[in-house]
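Asker: Which chain is which? The protein sequence lines are A, B, C and D, in order. Taking our numbering as reference, the numbering of the first sequence is continuous, increasing by one, and the terminal residue is 581. Taking our numbering as reference, the numbering of the second sequence is continuous, increasing by one, and the terminal residue is 342. Taking our numbering as reference, the numbering of the third sequence is continuous, increasing by one, and the terminal residue is 420. Taking our numbering as reference, the numbering of the fourth sequence is continuous, increasing by one, and the terminal residue is 413. Every residue gets a Cβ at the ideal spot worked out from N, C-alpha and C, and that includes glycine.
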Amino acid sequence: MQSAAPLVKMSGVEKNFGAARALTGVDFEVNRGSCVGLVGHNGAGKSTLMNVLSGVILPDEGEVQIGGVLLDNGYDPAGAARHGVRSVFQELSLCPNLTVAENLRISHPSIKGIGWRKAARKVILDELDRIFPGHGISPDTEVSSLSIARRQMVEIARAFSSVTSKIELVILDEPTSSLDQNSAAQLVDFVRQFVGKGGSVILISHLLGEILDASDKIVVMRDGRSVAVDEARNFNRARLVRDMGDVLAENSEFGARSGAKREGPPVVTGPAEDEHQLVLYPGEIVGFAGLSGHGQTEMLVRIFEAAQGARGPIVATDRAAFVAGDRQTDGIFPLWSITQNIFVSSLERLKKGLSFDFERAEREAQDWQSRLSVRTADMGNNILSLSGGNQQKALFARALGSDAGIVLMDDPMRGVDVGTKQEVYEILAEEAANGRALIWYTTETDELKHCDRVYVFREGKIVAELSGDALNEANILGASFEKEDA
Amino acid sequence: MTWVSQLVQKPWVWAWFGAVSMWVIITGVSGFGAGGQVMSAAASFGTFFVIVAIGQMFVITLGPGNVDLSIPACMTLSATLAMKFMNGDPGLLVPGFLISLGVGLAIGTTNFLLILFLRIPPIIATLSASFLYQSTAIWSNRGLRVKPPEVLGDFAVAKVAGVPILTLVVLVVTVGMAFLLHRTRFGLSVLAVGQNEKAAKLAGIRVERVRFLTYLMCAVFASVCGFFLAGFSGGAALNMGEQYLLMSIAVVVIGGTSVAGGYANLTGLWGASLFMFLLVSMLNTLGLSAGYRLIVTGAIIVAVIVVSGRKLAR
Amino acid sequence: MARFLTPKALRTLLPALSLAALLAAIFYLQPRTMSYFGLNLLLNLAVPIALATIAQMFILCVNDLDLSLGAFVSLTACITATWLNDTPLLGVLALAACVVAYGALGALIHLRNLPSIVVTLGMSFVWTGIAVLILPTPGGSAPEWIRTLMTLKPSLVPFPIIASVVIALVVHIGLMRSAAGTVLRGVGGNPKSVERAGWSLLRVKVTMFSLAGLFGVFSGMALVGLTTSADANIALRYTLLSIAGGILGGGEFVGGRVSPVGAVIGAITLALAGSFLSFLRLNPDWQIGAQGAILILVLALRLLVSSRERRI
Amino acid sequence: DTSDKKIALSNNYAGNSWRQAMLTSWEKNASAAVADGTVAAADAFTTAENQVTEQAAQIQNLILQGYDAIVINAASPEALNGAVKEACDAGVVVVSFDGIVTEPCAYRIAVDFHNMGKVQVEYLASRLADGGDLLEIRGLAGVFVDDEISGGIHEGVAENAQFKIQGSVHGDWAQDVSQRAVAGILPSLPEIKGVVTQGGDGYGAAQAFKAAGRPTPIIVMGNRHDELTWWKEQKDANGYETMSVSIAPGVSTLAFWVAQQVLDGATVPQDLSVPFLTISQDTLEENLANTQVGGVANVEYSLEDSLAVISDN
Ligand SMILES: Nc1ncnc2c1ncn2[C@@H]1O[C@H](COP(=O)(O)OP(=O)(O)OP(=O)(O)O)[C@@H](O)[C@H]1O
Ligand SMILES: Nc1ncnc2c1ncn2[C@@H]1O[C@H](COP(=O)(O)OP(=O)(O)OP(=O)(O)O)[C@@H](O)[C@H]1O
Ligand SMILES: [Mg+2]
Ligand SMILES: [Mg+2]
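(1) For a cutoff of 8 angstroms on Cβ pairs, would you count A327 (chain B) as touching chain C?
(2) Check whether the Cβ atoms of A141 (chain D) and N111 (chain D) lie closer than 8 angstroms to each other.
(3) Below 8 angstroms on the Cβ atoms is my guess for E248 (chain D) versus H214 (chain D); work out the distance and round it to an integer in Å.
(4) Assuming Q275 (chain D) contacts G304 (chain D) under a Cβ cut-off of 8 angstroms, what Cβ separation, rounded to an integer in Å, is found between them?
(5) According to DSSP, simplified to helix, strand and coil, what is T195 (chain C)?
(6) Quick one: list the residues of chain B neighbouring G247 (chain C), beta-carbon separation under 7 angstroms, in chain order.
(7) On the DSSP bridge list, what partners appear for G382 (chain A)?
(8) Is the CB of A402 (chain A) under 8 angstroms away from at least one CB in chain C?
(9) Use the C-beta contact count for D96 (chain B): other C-beta atoms within 10 angstroms, 16 or more gives buried, fewer gives exposed.
(10) Can you give the beta carbon distance from I433 (chain A) to V363 (chain A), rounded, assuming they're within the 8 angstroms contact cut?
(11) Does the distance from the C-beta atom of I206 (chain A) to that of V258 (chain A) stay below 8 angstroms?
(12) Shortest alpha-carbon distance to P251 (chain C) belongs to which of C:I373, C:G199 and C:T120?
(13) Is the beta carbon of V315 (chain A) sitting closer than 8 angstroms to the one on Y550 (chain A)?
(14) Specify the secondary structure class of K105 (chain D) as computed by DSSP and reduced to three states.
(15) Where does F376 (chain D) fall in DSSP's three states?
(16) Taking G284 (chain B) as the reference, give the member of B:V334, B:S309, B:A62 and B:I193 with the closest Cα.
(17) Check whether the Cβ of A341 (chain B) lies closer than 8 angstroms to any Cβ atom in chain D.
(18) For the candidate residues A:A254, A:N111 and A:D325, whose alpha-carbon lies nearest to that of E124 (chain A)?
(19) Just curious, the beta strand (DSSP E) that H270 (chain D) is in, first and last residue?
(20) So which residues of chain B does Q432 (chain D) contact, with C-beta pairs closer than 9 angstroms?
(21) Short check: CB of L102 (chain A) to CB of S295 (chain A), under 8 angstroms?
(22) I need the DSSP call for E178 (chain B), collapsed to helix, strand or coil.
(23) Work out the CA separation of G319 (chain A) and I281 (chain C) for me, nearest whole Å.
(24) Counting only C-beta atoms, is L334 (chain C) closer than 8 angstroms to chain D at any point?
(25) Applying the 10 Å Cβ sphere with the 16-neighbour rule, what's the burial state of K544 (chain A)?
(26) Cα separation between T194 (chain A) and H230 (chain A)?
(27) Tell me the DSSP secondary structure of S480 (chain A) in three-state form.
(28) Taking one C-beta from the stretch 566-574 of chain A and one from the stretch 393-406 of chain A each time, how about it: are there three or more such pairs within less than 8 angstroms?
(29) Alpha carbon to alpha carbon, how far is N398 (chain D) from M216 (chain D)? Give it in angstroms, no decimals.
(30) Identify every residue that forms a DSSP beta bridge with N323 (chain D).
(31) Give the secondary structure of N111 (chain D) by DSSP, where H, G and I count as helix, E and B as strand, and everything else as coil.
(32) So which residues on chain D does T313 (chain B) lean against when the C-beta distance must stay under 7 angstroms?
(33) How big is the Cα-Cα spacing for P223 (chain C) and G214 (chain C)?
(34) Quick one: is F265 (chain B) buried, meaning 16 or more other Cβ sit within 10 Å of its Cβ, or exposed?
(35) In terms of residues, what are the limits of the alpha helix (DSSP H) holding A397 (chain D)?
(36) Got a sec? Which residues, its chain only, sit under 6 angstroms from K229 (chain B) by beta carbon, not counting five neighbours each side?
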């Protein structure tokens, strides 16, 4: 450690988004030359805290100091950069229409003048070589034509590259979510090197192993506050899980659901020439697993289109409903009320004469409100007045309230709190028992415990079908990564 | 008090506010009698704006990039073919009207197919196709002006108690369209697609079918407008639709429909139609020259967007 | 694999290929065009269109659309043929004010988050109104130096070709190759990311709209140089020509994907499409329709290369 | 001998009945001339949009196609001069008519639009000794013809102080636009004695007066069939009297023959003027009978007529 004073000192930080209390008085410190791991359940406030630190949002209360300097109202991303703070945001933030080298220029204003391209190419290539040896990325490729994993590498390399500006702290918000194991390990190694040379890193991840390997200190957040701060060596998996709260409070195990009764013909049949043919029977919950971005969502969409009558290799014999995970772009109708958002998929069913039956929709909406405990005073309120998790419940209600026999779920639990998750798990089991067929794509391996069978995806293809005893975490991970480093 | 503040929240208020202001100015300059007469004229001519604007409104509600630029050509072609076929014979009124409808259906379908299969942005697809429609109109009658059957002409200008009958008919149609937009599966689907096309698709709405019906409807309204306008003004002319291109867009937008899609209302269409007619009349009454009239018109359109845009910004 | 056949390469090549095909067809129909004199006549009116298309391209690049460009070019043409000719100082000031007004429009659109389509629709009335006030009847005359410039007869290569190449290269270097241009384009691709990197979106919008205004002014000046005098409605069709040219040249309505070289080629292609039709000597009834048909045809060509990405 | 010469018509607008009649006259006349070997070709070209830039490009293309003469109805009197100059420099004969061009090297067959406006007021002066209030219907703002006619009207009013123009609207030379504009301004006007127009707007104005329940003033008519028919009906019903001024679309045939004569080596003055077409109360029936239903009153020129016009000038 170079100096005793912490590099970053945040105290009493509060942030409210309307009624949602994202941060409720958080104290947070980062020392020079150390890596802080930040963990917590979805919606705990991790990203919000980092957005405050990097100047993207202003806190309602509390203060932020970097290098002993108090940052006042004029603080913004440019100000953060001046203090040597760099961020890799949770959502990718490269410009897809620019090349890799050009994207470096966006975040490094000092690269300019004649010959800037050559300089930018060299800087980003050197950095990529340093962090991810053997990455195979050309600096002149347009970002839109890179795979998600490579985009993530570019973004990480961009954050660590330095031209003239100083670099003190790099914030990595779930940097490994779409990296393969090999690259993730390269990153952890690099973080250790970087820290060893006196830099600082904040690492956010849901992969606890990574956190334990890379961090010097770990901060656990829950419901907008920091609940545990300690040296990394004092933590192990069990303690992390306990401190994060009721995340693992569920006691179900793999194999809890026995995929028994297959009655009647399948409602979805995939192309027969596939090595592992996709089939779905009524009453089943089938999981889609694998690393994110490996074709699971595309498959769900194709099944959905097949159910709408599109011709293709996939055959679906019943109507389908879709629960979007990416609420903002795939789910919400922002000008409408909660009720209208729920019944947009039931326009035909709720017809009285020629007109849509608004009274009946309202009555049914009341039922859904109590069944899913949607927290709002009035289902006639605008959908955006709901917190993210409650918006997600409305999307569940939309699918389950329709008369579709097939329910397709695209990582639907993003932003749903733990209590509700347990309730939703039960409702899903109920729906399956009532003869609905469900497909559930999830990035959380634990959730696959609620499935009868699981298809693992890699590079757009089903590479494994797991059920019964074979359905366990090791097999899922194994199938996801196989041959991945080729 | 609260109802006032609630009222100014409604995007369509501004159009009506504008219309009333224009009327007050005209009445102030020319007296009360003139005010009544100009209102009756505004109802007559505003009706034609409303007919095309209803279709355009549904199209614009589908979201950014959706706008039908083939309305003028559609009006011309429909009127030309129908008038030529009827050739003034009242007995052929019904088949003549069916021809006009057929033109609308054909043009709507063509527009949609160009957008769907050739993936040309709607704004350019409808513009390019409109040249073809216009050529067809020229080819079919070389611009000869055929008189409409007398009954059609009489119907188009008839009034009861100073109110044009056509206006009453279109008022009823407007109410029907409001029902269609706000209460039926089709209307709600249009609003959903306009808010978030991807989400609409995933919510099970047949987006392309909705788009097809919308462009079809727009063309049919344009062709019907052409039919009655030819009756009203004594025959079809090759340039009869020219004014209706910008007018249909302006009426929709000033009427409070969101160009970002997903929000529409029909009340504003009437306010905006009356407003656009009264604005020109007011400028004529004040005797402003053409240059100033254009500047004032443009400035008012921008001002309305700036004022009503504030509430839509989220 | 055949790298040169990737969709992206095709997208870049397509404008050039369709231009080449069109030129070949014209040369075949009318061999006289294949001369210095012929090319000059065939292409000189494409120069102002190319400039207007570049202007529209700047707007497209930040995900906006300008429906007032034609009216604006008409206005600048009127100013060029009157004030710039009679009282050069006033003319320069007026043209500068036009550029500033465009920049201000960009600021208004950004700050109030307004739909550019409607704002520019309204502004088209304003521009035409001012043009009618400046030049109530057609007339005025081109300043001598502009006239001289636009009728240059350099040896070997006709002036319109040189001008097009220069325009394309200058904008290409400025927007596609320079460091500053990278930031401007980045805003079209991911405004949030550019803003987080510390750039002001407002400044980018204002810059892009001002550049559009500047090229609109150039377009009006070039046009007057060719026509020798102006008219309040002289360039109204440039609005749609410039949009179509920008799209044809590989630009897209959203996402900041533009190509100055493609835009210039697209503008020339559209200008030549009209010539091609007149060389075909169609029946007058169908001459108007044929222009629509060729527009549809040329734009539909994009379909051949558009990677059939599924839109969900 | 012009049997190997090619003549082209460059037309900027085809979107109204006048232009269609103009094209029809050209076609009829030109195809006869081609058939009897007077000229080798006489093709018509129309631009899609009524735009100077498009027509300039069209003229340049016609030069490239090797036409020996180009007959122009121009979108703008000034803004095509660049292209016209190119044509003259390439040795092409340029004849403009109706919408004429000011480039000195071109021939002009001009209608005295200014006078066309002025005679309307003079006619009204002869009818209305006490004068009175007038309504003016103008054409398309920013177009030269509109300005010329309006200028003539205002000059006429200045010379006849008993008249006052109470209102002025732009009807864009379109029936429905005029009707709408007149209906909008009428309520705020005092009693109107006369309506001065630019041709083509008379019927719409009459409809607007009828709809407003106003007495029908003296409306100066244009040459469209519906205007003449309405006039005839009124004349038969109540002895309504007015006049009609217009320019005959058949002037395109005069332009054709002028071009042919120039190619033939004849000396033709650079500026020709043709009378506008006047229809009076007495010649109404005759003209109406010669007008195609739905078309416009027309006068076409044969070679002899054209030679007469040339020698008159
Ligand atoms: N812009 C916003 N508007 C409204 N609410 C927001 C906004 N951003 C975050 N929130 C809410 O604030 C809370 C904290 O969100 P944050 O993104 O910080 O969670 P997180 O810990 O990063 O979760 P994850 O692990 O899913 O990334 C959540 O309830 C979220 O819904
Ligand atoms: N900031 C700048 N302002 C203006 N022009 C610039 C700027 N930077 C570069 N250029 C010009 O852009 C062109 C290419 O620039 P540069 O030399 O940086 O490219 P490069 O990296 O060498 O790429 P390549 O290898 O493809 O040539 C040069 O003509 C240069 O003058
Ligand atoms: Mg987060
Ligand atoms: Mg170089």
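Answerer: Judging by the given coordinates:
(1) Closer than 8 angstroms: yes.
(2) No.
(3) About 5 angstroms; that satisfies the 8 angstroms criterion.
(4) With a contact defined as Cβ atoms closer than 8 angstroms, Q275 (chain D) and G304 (chain D) qualify at about 5 angstroms.
(5) In the structure shown, T195 (chain C) sits in coil (DSSP, three-state: anything other than H, G, I, E or B).
(6) Neighbours of G247 (chain C) on chain B: none; closest Cβ ~15 angstroms, over 7 angstroms.
(7) For G382 (chain A), the pairing in a beta bridge is given by DSSP as A:W535 and A:V549.
(8) For A402 (chain A), no CB of chain C lies under 8 angstroms from its own CB, so it is not counted at the interface with that chain.
(9) With 16 or more other Cβ atoms within 10 Å, it is buried.
(10) About 30 angstroms; that fails the 8 angstroms criterion.
(11) One thing to note: I206 (chain A) has its Cβ within 8 angstroms of the Cβ of V258 (chain A).
(12) When C:I373, C:G199 and C:T120 are compared, the shortest CA-CA separation from P251 (chain C) is found for C:G199.
(13) Contact: no.
(14) Residue state, collapsed to three classes: coil.
(15) Per DSSP, reduced to three states, the secondary structure at F376 (chain D) is coil, with no helix or strand assignment.
(16) Put simply, of B:V334, B:S309, B:A62 and B:I193 the residue whose alpha carbon is nearest the alpha carbon of G284 (chain B) is B:V334.
(17) At A341 (chain B), the pLDDT of 35 sits below 50, so the modelled position is not reliable; the number obtained from the coordinates is stated separately. Not an interface residue.
(18) Distances from the CA of E124 (chain A) to each of A:A254, A:N111 and A:D325 were compared; the closest alpha carbon is that of A:D325.
(19) Where H270 (chain D) is concerned, the enclosing beta strand (DSSP E) starts and stops at F263 to H270.
(20) Residue numbering for chain D in the displayed model covers 101 to 413; residue 432 (chain D) lies beyond these limits and cannot be assessed.
(21) Yes, the Cβ-Cβ distance between L102 (chain A) and S295 (chain A) is below 8 angstroms.
(22) E178 (chain B): helix per DSSP, three-state reduction.
(23) Approximately 49 angstroms, taken between the alpha carbons.
(24) Yes, L334 (chain C) counts as interfacial toward chain D.
(25) Answer is buried; the Cβ neighbour count reaches 16.
(26) Taking the straight line joining both Cα atoms gives about 16 angstroms.
(27) S480 (chain A): helix per DSSP, three-state reduction.
(28) Remark: fewer than three beta-carbon pairs, one from each stretch, lie closer than 8 angstroms, so the stretch 566-574 of chain A and the stretch 393-406 of chain A are not flagged as touching.
(29) One C-alpha to the other measures close to 17 angstroms.
(30) Partner(s): none; N323 (chain D) has no beta bridge.
(31) Note: N111 (chain D) maps to strand in three-state DSSP.
(32) Neighbourhood of T313 (chain B) in chain D, by CB distance below 7 angstroms: I285 and S288, in chain order.
(33) One C-alpha to the other measures close to 11 angstroms.
(34) With the sequence shown as reference, residue 265 (chain B) is identified as Ala, and Phe is not the correct amino acid for it. Residue environment analysis places A265 (chain B) among the buried positions, since at least 16 neighbouring C-beta atoms fall within 10 angstroms of its C-beta.
(35) Neither: A397 (chain D) is in no alpha helix (DSSP H) and is coded neither H nor E.
(36) Result list for K229 (chain B): V235, in chain order.
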